[in-house]
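Peer 1: In mature numbering (1 follows the signal peptide of the UniProt record, and there is no 0), the protein residues as written are -22 to -1, 1 to 839.
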Amino acid sequence: MERRFPPIILTVFLLLFRETYSSSTTKFTPTDNFLIDCGAKEKVESGDGREFKTDSESTAFLSADDNNLLFLPKAPEGIPSPIYLSARAFTKEATYAFTLARPGWHWIRLHFHPFNPPGGTFNLSNAVFSVTTDDLVLLHSFTIGDVQKWVLKEYIVNATTERMAIHFSPLKNSFAFINAIEVVNAPDTLISDEATNLAPLDDFKGLSDFAFQSVHRLNVGGPLITSVNDTLSRSWVNDGQYLKSKSTGKSISVAPTVIEFPDGTSNLIAPNWVYASAMKMADAGVSQPNFNITWQMSVDPSFGYFVRLHFCDILSKALNDLYFNVYINGRKAISGLDLSTLTGGLAMAYYRDFILNASLATDVISVQIGPMNQPTGIVNALLNGVEILKMSNSVDSLDGEFGVDGRVASSGMSAKKKIVAVVGILMMAGAFIGLAAMVVKWHKRPQDWEKKNSFSSWLLPLHSAHSSFMSGSKSSVTASHRAGFSGGIYSSTLGLGRYFSFAELQEATKNFNDDTVCGVGGFGNVYIGELADDGTKVAVKRGNPHSEQGINEFQTEIQMLSKLRHRHLVSLIGYCDENNEMILVYELMANGTMRDHLYGKGLPPLSWKQRLEICIGAARGLHYLHTGTTQGIIHRDVKTTNILLDDNFVAKVADFGLSKDGPTVGGNHVSTAVKGSFGYLDPEYFRRQQLTDKSDVYSFGVVLFEALCARTALDPSLPREQVNLAEWAMQWKKKGLLEKIIDPYLVGKINIESMNKLAEAAEKCLAEYGVDRPSMGDVLWNLEYALQLHDAAPPPPPDSDSDDKPPSSTAGSAPSSLIPEDGSAASSGVGIGAGAVRMPDDRSTTVANDAYAQLAGMTGR
């Protein structure tokens, strides 16, 4: 049953917790705090303890030709503050100018109440006027026809100078008015420079170049929050009127004092009152409920919007028990959100920022939450708060299509007109481009007329450094291919190797039979194939043309592989670009992933020497990534499923879909939205959104402990202290008892000095701050030294299994005699062979493939 908050109870509730809130959270004291009650003769308090200056005290800020002070002797019902009982009217342009202590984010709040003052000189409900700053339109031809209505217009503007001027400009034969003005600086952390763009799904940078207007601010599942309980003087309304179907949700709440703010968040982003209430899925009376809770909020479709969603797990009783999906305007914004992993606990505040550009905007923004429909803990979902801010358009306007200087916004037409115009322009442009291309081809390459539906032109910008990439080599490949030389055509200058026809790959994969699928991602499927001409086994990655996310990953993969060649990186054999297909062909890694040989597949366990050699190979590949190019490359998704093994168990790093070029000369990081995988994510990268090669080093530290302990990086089924492998192993390392939790198969076969050397390297990799972590070159040196210690150790007794003996071809669990007598490893939850507890496959999927691990791997931090 939905919880309601009667007004009397709400008032008492707010008063009881006001002092508690003030004492338990950060209080923000602005350095710029201009509060003006326009037209007022006496100082008034707004109701939240803030004092507004009178009209006479604020004359130094005002430049105006007239002095029309208006008053309302009695407050009408519903007016929230005495600041709405006085006003100042202007028949000509007037300006309030403020000198700021420093540039940066500032609130501008304009208060309007179009009352009819005694005497009838000005009927404020008839006023029509515009409000601007020196370079931003706040209101254009603004009017309020309802005398009973009070209006607050709230903006947040990034001031670039120490002067803030607000101009009131009445239309011809009209006038302007204002009841109260606030110009107050905001915390620098309130809006970061980066968010997640929903279409296309990518990082959106440059938010500091925009101005914003608050459109909706909801306290989901809870009561109205006023400026009394928000240190930034914001109001948060109850979400009831925006809930599409009240029967789908049930409100829950806890005491605000329970809420905690981990690193990267604070009550300056949203007060603990917001996180103390939420809406969860209502009881549908079925074992597996499958529905979404939907909120719908009206907006102006001519603008883009900044959407901030607030979450706090006040529902779960245990960590890693709640996973759910989040949608914005029907698009999946977050997949498999696991709040306790991201924040390290329950009742911890968390938020995410998204950009909904004008191309996706309609007159309604919908936010939905729903279950994952996966066997992962409780089936539920929750949401605590929603903020929707309008973004300034191309001419720096927040109201209409005209800028301060008279420029007209490119998005100023209606949505339908925009679609028609865009389609018309694209058709004309396409016709001209097509005609020009036909003329060029007719003169230069008549044979290319036969080639259709190629994605070569899409690849071209990525390889602009190779002048022959699509001009010489590609055409010769195509011509030779048409001549019948389909097998064995190579073009080294392409960086993409052999050209395959679609028919060849159909034959190699048995027409892309599902039985040959060996991997799935956001880009599409990976198939095992056998080439007809020479029987070579290959891995065929077939792009999904309907996946924008997959195209981004494909682009990154091609861009990286075209400039990388190393023994410990998976090699690209060739490609196919027929019939709108995007297909890449790789060498087949016959022994699969490193993870498969550690746990979960029932494969023969790896010897300690093999594990060291695999880790060394992977470290060499990563070291080459970090140092082999001018800027270096950051893999960003290092994990045991991305370390593949060939038929000789040589390790090769794979999957560059999330990779990023390193910082430019003089820089020390790359600012980017957080992406990665559960359990492997660098906590410093998570907090600061600053990616460095030390983020890969952190992830590799987790890989080293996986090799040693043969268990997953995250296992929610284990007791809380064991869920996160990195933290659990570090605790035992510090106790000097790491041998108690290692893979039981290694007991009696591992040289302790060699083990300690690897553990020491892993510990350094997992340092809290990147500056304290070693380079991959240093990690490689330590691993090679660990291998030397192993090789120098006395051989095992003749009657014991040799550590260097390769795994037998018969799968099975380790002999029971290898388990320690005290059962410590077994009781710790470590799995071996077929007995390992494996996370669901989608739990380890990357953000680029399934948005699962956007900000993951933070349990207990």
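Virtual Cβ for every residue (Gly too), placed ideally from N, Cα, C. Being a predicted model, the structure only gives us computed values, none of them experimental.
Quick check on this structure: which residue in GLN484, HIS544, ASP512 has the alpha carbon closest to the alpha carbon of LYS519?
Peer 2: Nearest option by C-alpha distance: GLN484.
Peer 1: Three or more C-beta pairs under 8 Å: does that hold for the region 299 to 313 against the region 327 to 337?
Peer 2: Cβ pair count under 8 Å is three or more, so yes.
Peer 1: If we require 3 or more residues per run, which beta strand (DSSP E) segments fall completely within the region 77 to 132?
Peer 2: Fully enclosed beta strand (DSSP E) runs of 3 or longer: 82 to 90, 107 to 110, 115 to 120.
Peer 1: Flag this pair as yes or no: are the beta carbons of ARG665 and LYS638 separated by less than 7 Å?
Peer 2: Not in contact: ARG665 and LYS638 (Cβ atoms no closer than 7 Å).
Peer 1: Starting from the N-terminal side, write out each stretch of the alpha helix (DSSP H) that is 4 residues or longer and does not extend beyond the region 710 to 751.
Peer 2: Counting only runs of 4 or more, we get 730 to 743.
Peer 1: Count the other CB atoms, across all protein chains shown, that sit within 10 Å of the CB of ARG195; report buried if there are 16 or more and exposed otherwise.
Peer 2: Buried.
Peer 1: Cα separation between VAL161 and HIS84?
Peer 2: Between VAL161 and HIS84, the C-alpha separation is close to 7 Å.
Peer 1: Can you name, in chain order, every residue of its own chain whose Cβ lies under 8 Å from the Cβ of PHE269, other than the five neighbours on each side?
Peer 2: If we look at PHE269 and ignore the five residues flanking it on each side, its Cβ neighbours are THR226, MET259, ALA262, GLY348.
Peer 1: Answer yes or no: do ASN136 and PHE281 have a C-beta to C-beta separation smaller than 7 Å?
Peer 2: In this structure, PHE281 does not lie closer than 7 Å to ASN136 by Cβ.
Peer 1: For LYS228, name the three-state secondary structure that DSSP assigns.
Peer 2: DSSP places LYS228 in strand when its eight states are reduced to three.
Peer 1: Following the continuous alpha helix (DSSP H) through TRP273, name the residue where it begins and the one where it ends.
Peer 2: Not the alpha helix (DSSP H): TRP273 falls in the beta strand (DSSP E), residues 271 to 276.
Peer 1: Could you tell me whether the Cβ atoms of ASN216 and TRP251 are closer together than 7 Å?
Peer 2: The answer is no: Cβ separation not under 7 Å.
Peer 1: Taking just the CA atoms, how far does LEU287 sit from ARG751?
Peer 2: Between ARG751 and LEU287, the C-alpha separation is close to 33 Å.
Peer 1: Whose C-beta lies closer than 6 Å to the C-beta of LYS672 among residues of the same chain, with five residues either side of it excluded?
Peer 2: Cβ within range, chain order: GLY748, ARG751.
Peer 1: For the beta strand (DSSP E) containing TYR564, list its first residue and its last residue.
Peer 2: Element bounds for TYR564: 561 to 565.
Peer 1: So is ARG543 buried or exposed if we call it buried at 16+ other beta carbons inside 10 Å?
Peer 2: Looking at its Cβ environment, which holds fewer than 16 other Cβ atoms inside 10 Å, ARG543 is exposed.
Peer 1: Under 7 Å, do PHE76 and PHE6 count as touching if we go by C-beta distance?
Peer 2: The answer is no: Cβ separation not under 7 Å.
Peer 1: Decide if ASP291 is buried, meaning its Cβ has at least 16 other Cβ atoms within 10 Å, or exposed.
Peer 2: Flag for ASP291 reads buried.
Peer 1: Return the bridge partner residues of VAL548 from the DSSP annotation.
Peer 2: Bridge partners of VAL548: none, in fact.
Peer 1: Let's test the definition: count the other Cβ atoms within 10 Å of the Cβ of THR99 and tell me whether it reaches 16, buried, or not, exposed.
Peer 2: That one is exposed.
Peer 1: Counting along the chain, where does the beta strand (DSSP E) carrying PHE146 start and finish?
Peer 2: Element bounds for PHE146: 141 to 148.
Peer 1: Report the CB separation of CYS687 from ASP721 in whole angstroms; it is logged as a contact under 8 Å.
Peer 2: Going by Cβ atoms, the distance from CYS687 to ASP721 rounds to 6 Å, so yes, they are a contact pair.
Peer 1: Shortest alpha-carbon distance to THR619 belongs to which of ALA596, MET572, TYR602, TYR577?
Peer 2: Nearest C-alpha to THR619: MET572.
Peer 1: Quick one: measure Cβ to Cβ for ILE594 and PHE627, integer angstroms, because I've assumed they're closer than 8 Å.
Peer 2: The Cβ separation is near 12 Å, so there is no contact.
Peer 1: If you draw a straight line from the alpha carbon of SER432 to that of ALA568, how long is it in whole angstroms?
Peer 2: Here the model assigns SER432 a pLDDT of 38, short of 50, so the residue's position is not dependable and the matter cannot be decided.
Peer 1: As a quick exercise: from ASN104, VAL109, HIS91, pick the residue whose alpha carbon is nearest that of GLU71.
Peer 2: The candidate whose alpha carbon is nearest that of GLU71 is VAL109.
Peer 1: Quick check on the DSSP output: the beta strand (DSSP E) that includes ILE519 runs from which residue to which?
Peer 2: In the sequence as presented, Ile is not what sits at residue 519; that position holds Lys. Counting along the chain, the beta strand (DSSP E) containing LYS519 begins and ends at 515 to 521.
Peer 1: So, under 8 Å CB-CB, SER231 and ALA254 are touching, yes? Tell me the CB distance rounded to an integer number of Å.
Peer 2: Sure, about 6 Å apart at Cβ, within 8 Å.
Peer 1: Could you check if GLY355 is buried or exposed, using at least 16 other CB atoms within 10 Å of its CB as the buried criterion?
Peer 2: GLY355 comes out buried.
Peer 1: Provide the residue span of the alpha helix (DSSP H) that contains ALA764, from first to last.
Peer 2: Taken as a continuous stretch (DSSP letters only), the alpha helix (DSSP H) holding ALA764 covers 754 to 770.
Peer 1: Under the rule that 16 or more other beta-carbon atoms within 10 Å means buried, what is ALA53, buried or exposed?
Peer 2: Classification of ALA53: exposed, given that the 10 Å Cβ count is below 16.
Peer 1: Can you tell me where the beta strand (DSSP E) with LYS672 in it begins and where it stops?
Peer 2: Per DSSP, LYS672 belongs to no beta strand (DSSP E); it is in the alpha helix (DSSP H), 671 to 687.
Peer 1: Assuming ILE169 and ILE134 form a contact by the criterion Cβ under 8 Å, report the distance between their Cβ atoms to the nearest whole angstrom.
Peer 2: That pair is a contact at about 7 Å.
Peer 1: VAL622 to VAL504, Cα distance in whole Å?
Peer 2: The question names Val, but residue 622 in the sequence shown is Leu. In a straight line, the C-alpha of LEU622 is about 14 Å away from that of VAL504.
Peer 1: Does DSSP put LYS587 in a helix, a strand or coil?
Peer 2: Looking at LYS587 - three-state DSSP - the assignment turns out to be helix.
Peer 1: Distance check for ALA764 and ASN734, CA to CA, integer angstroms please.
Peer 2: Approximately 8 Å, taken between the alpha carbons.
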